[in-house]
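Report on the following structure.
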Amino acid sequence: NAGVTQTPKFQVLKTGQSMTLQCAQDMNHEYMSWYRQDPGMGLRLIHYSVGAGITDQGEVPNGYNVSRSTTEDFPLRLLSAAPSQTSVYFCASSPTGDGYGYTFGSGTRLTVV
Amino acid sequence: KQEVTQIPAALSVPEGENLVLNCSFTDSAIYNLQWFRQDPGKGLTSLLLIQSSQREQTSGRLNASLDKSSGRSTLYIAASQPGDSATYLCAVPFNTDKLIFGTGTRLQVFP
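Chains as they are written, first to last, in my numbering: chain A, 34 to 146; chain B, 21 to 131.
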């Protein structure tokens with residue numbers, strides 16, 4: 034089925050470990066973005082990309098890196114995990130960035146101990 | 021900076037009630053406003069998108085209105101059902117390339 038695929042669905046990390054959250058879409062969307070969702074705070078934008086080779090920071094980028102080498106993939110890297118990064122992470126894609134046609138992945142629940 | 025807030029944060033009602041969820045935004049220069057639904061442990065699904073030139077949009081028992089001048093949108097749910105239980109989020113685009121989300125309203129409809 035066409036859509037946004039996130040892996041893994043669940044992950045537990047120790048403080049200081051690094052890992053990559055994977056996101057792939059098969060709809061040929063130019064725009065992709067990463068959000069984190071914490072209780073009572075809605076979704077906050079971490080990083081986003083308007084096309085292959087182009088990325089930019091969102092509201093809460095510290096501690097995360099991204100790259101966009103292909104249209105399909107937009108991985109999110111945690112460089113040195115901290116307990117404050119415990120959250121649910123969502124990847125989204127859209128043909129344009131202005132609200133139309135957004136498709137979300139099912140999320141990755143990350144716990145840092 | 022665009023800020024989006026939602027009231028109430030949580031709502032619990034009996035089946036059959038008509039509901040109003042509120043969304044406020046600080047910058048009225050928006051292209052559109054969108055309402056999403058999120059079920060527990062799942063991603064977000066778009067419910068309604070209102071363009072800046074529209075005042076309201078309807079889909080089944082859902083009706084969303086937009087008042088740009090006052091920086092407000094409401095989502096009206098008619099004859100609520102237990103299947104409507106979910107978190108509802110509003111979102112507006114910012115700088116044409118990203119969405120800014122509200123804090124969400126967690127709705128529970130009990131039989």
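Note that CB positions come from ideal geometry on N, CA and C, so glycine has one too.
Pull up the DSSP beta-bridge partners for residue i, would you.
i                      : result
residue 87 of chain A  : A:84
residue 76 of chain B  : B:85
residue 111 of chain A : A:52 and A:97
residue 122 of chain A : A:69 and A:141
residue 209 of chain A : With chain A covering 34 to 146 only, the question about residue 209 of chain A has no answer from this structure.
residue 54 of chain B  : B:69 and B:111
Can you name the residues of chain A whose CB is closer than 8 Å to the CB of residue i?
i                      : result
residue 52 of chain B  : 131, 132 and 133
residue 123 of chain B : 73, 74 and 75
residue 41 of chain B  : The premise fails here: residue 41 of chain B is roughly 14 Å from chain A at the closest Cβ pair, so nothing lies under 8 Å.
residue 67 of chain B  : The premise fails here: residue 67 of chain B is roughly 12 Å from chain A at the closest Cβ pair, so nothing lies under 8 Å.
residue 109 of chain B : 75 and 76
residue 29 of chain B  : 73
residue 7 of chain B   : Any answer about residue 7 of chain B is impossible in this case: the structure gives chain B only from 21 up to 131.
Using DSSP with H/G/I as helix, E/B as strand and the rest coil, what is residue i?
i                      : result
residue 106 of chain A : strand
residue 58 of chain A  : strand
residue 117 of chain A : helix
residue 34 of chain B  : strand
residue 87 of chain B  : strand
residue 41 of chain A  : coil
Can you pull the chain B neighbours of residue i, defined as C-beta to C-beta under 7 Å?
i                      : result
residue 137 of chain A : 63 and 64
residue 83 of chain A  : 117
residue 66 of chain A  : 118
Name the two residues that bound the continuous beta strand (DSSP E) containing residue i.
i                      : result
residue 125 of chain B : 125-130
residue 96 of chain B  : 92-97
residue 107 of chain B : 106-114
residue 24 of chain B  : 24-27
residue 141 of chain A : 141-145
residue 71 of chain B  : 64-71
residue 44 of chain B  : 39-45
Listing by chain order, which chain B residues have their CB less than 9 Å from the CB of residue i?
i                      : result
residue 123 of chain A : 63 and 64
residue 86 of chain A  : Going along chain B, no residue has its Cβ under 9 Å from residue 86 of chain A, so there is no contact; the nearest lies around 15 Å.
In chain A, which residues lie less than 7 Å from residue i when you measure between Cβ atoms?
i                      : result
residue 131 of chain B : Going along chain A, no residue has its Cβ under 7 Å from residue 131 of chain B, so there is no contact; the nearest lies around 26 Å.
With contact counted as at least three CB pairs below 8 Å, one residue from each stretch, are the region 56-66 of chain A and the region 133-144 of chain A in contact? Contact annotation: the region 56-66 of chain A touches the region 133-144 of chain A, with at least three C-beta pairs closer than 8 Å.
Using a Cβ distance threshold of 8 Å, determine whether the region 39-48 of chain B contacts the region 94-114 of chain B, with at least three qualifying pairs required. The region 39-48 of chain B vs the region 94-114 of chain B: in contact.
Tell me, please, whether the region 43-52 of chain A touches the region 73-91 of chain A by the rule of three or more beta-carbon pairs shorter than 8 Å. Pairwise C-beta distances place the region 43-52 of chain A out of contact with the region 73-91 of chain A, as fewer than three of them are shorter than 8 Å.
Does the region 122-135 of chain A come within contact of the region 103-119 of chain B, defined as at least 3 CB pairs closer than 8 Å? Taking 8 Å as the limit for Cβ pairs, the verdict is that the region 103-119 of chain B does touch the region 122-135 of chain A.
Say whether the region 55-67 of chain B touches the region 104-111 of chain B, bearing in mind that this needs 3 or more beta-carbon pairs closer than 8 Å, one atom from each stretch. When Cβ pairs closer than 8 Å are counted between the two stretches, the region 55-67 of chain B is seen to touch the region 104-111 of chain B, the count reaching three or more.
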